Amino acid sequence: MDFVITNNPKVLPLYPSARWIDGGPLEVYLECRRKVQEGYPLLNSPLMGDIHLLHNPFRTVILNAKKGEADLMSVIWIEESIERIRLFHRRPRSEYLEDYQTLDLDLFQSAIDQNH
Numbered sequence: 030m031d032f033v034i035t036n037n038p039k040v041l042p043l044y045p046s047a048r049w050i051d052g053g054p055l056e057v058y059l060e061c062r063r064k065v066q067e068g069y070p071l072l073n074s075p076l077m078g079d080i081h082l083l084h085n086p087f088r089t090v091i092l093n094a095k096k097g098e099a100d101l102m103s104v105i106w107i108e109e110s111i112e113r114i115r116l117f118h119r120r121p122r123s124e125y126l127e128d129y130q131t132l133d134l135d136l137f138q139s140a141i142d143q144n145h
């Protein structure tokens, strides 16, 4: 089974084994970086979607559960993602939170379909 790391409450009912992060996208990415450094490669880009989605406060990331050597592409992806979130993320207005959750869930389910 792959690792799923998320801060999106819409993901948990569908994937109850997901690792819940109580925080924003930066905290999700920092947990992903810990896993990547332990040798678990990313199965989807942490920055799925277009540049406008940097404002989405919800992130769901999939990592391969097969541990190996640290994957260079995964290290690059997660480090770039952390940097971009630090530079560009801002809190969205509360009336958009439901939409952002749905969008993250849709992107996550697309990634699941591509990887399985």
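Numbering (the numbering used here), first residue to last: 30 to 145. We put the beta carbon where it would ideally sit given N, CA and C, even for glycine. These figures come from a predicted structure and were not determined experimentally.
Asked: Taking only the alpha-carbon atoms, compute the straight-line gap between L92 and T35 and give it to the nearest angstrom.; Found: 11 angstroms
Asked: Taking the alpha-carbon of I114 as reference, which of P75, D51, Q143 and S123 has the nearest alpha-carbon?; Found: P75
Asked: Across which residues does DSSP place F149 in a beta bridge pair?; Found: As displayed, the chain neither begins before 30 nor continues past 145, which places residue 149 out of reach and without an answer.
Asked: Taking its Cβ as the centre, do 16 or more other Cβ atoms sit within 10 Å of T89, making it buried, or is it exposed?; Found: buried
Asked: Run through DSSP, which three-state label would R48 get?; Found: strand
Asked: Quick one: Cα of R120 to Cα of D133, how far?; Found: 15 angstroms
Asked: Assess, as a yes-or-no matter, whether the region 58 to 66 is touched by the region 123 to 139 under the definition of 3 or more beta carbon pairs within less than 8 angstroms.; Found: no
Asked: Which residues does DSSP list as the beta-bridge partners of F32?; Found: L92
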